[in-house]
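Below is one structure, written out as structure tokens; comments come after it.
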Amino acid sequence: MSVRHFRRLIADQTGTAAVEYGIIAMLIAVALAGTMLSLGNEVDTQYDTIATEYADANSPPG
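Our numbering numbers the first residue of the sequence shown as 59 and each following residue consecutively.
Below, the structure is given as structure tokens:
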């Protein structure tokens with residue numbers, strides 16, 4: 059690879075917008091995945107609490 063070819067390759071700006079949009083989309087996807095995992099754990103904890111309260115309320119006294 060010649061120096062001239064390398065300089066021309068570095069100066070080429072075609073496709074940069076697509077790459078930038080791809081990076082932004084990836085960051086949004088990672089943020090959404092993290093949010094969904096966190097939210098999913100919270101919902102799971104709430105359902106467990108409700109199930110425990112329901113089981114305690116319906117158990118025979120004693």
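Heads up, the beta-carbon is just placed ideally off N, CA and C, and yes, glycines get one too. Remember, it's a predicted structure, so these values are computed and weren't measured experimentally.
Residue i to residue j span [Cα, whole Å]
i, j, result
"T74", "L85", "17 Å"
"S117", "A87", "44 Å"
"S60", "A76", "27 Å"
"L95", "E111", "24 Å"
"A91", "A109", "27 Å"
"F64", "A89", "36 Å"
"V101", "T107", "10 Å"
"L97", "Y105", "12 Å"
Reduced DSSP secondary structure (H/G/I, E/B, other) of residue i
i, result
"S96", "helix"
"T104", "Here residue 104 turns out to be Gln, not Thr, going by the sequence shown. Q104 falls in the helix class under three-state DSSP."
"T72", "coil"
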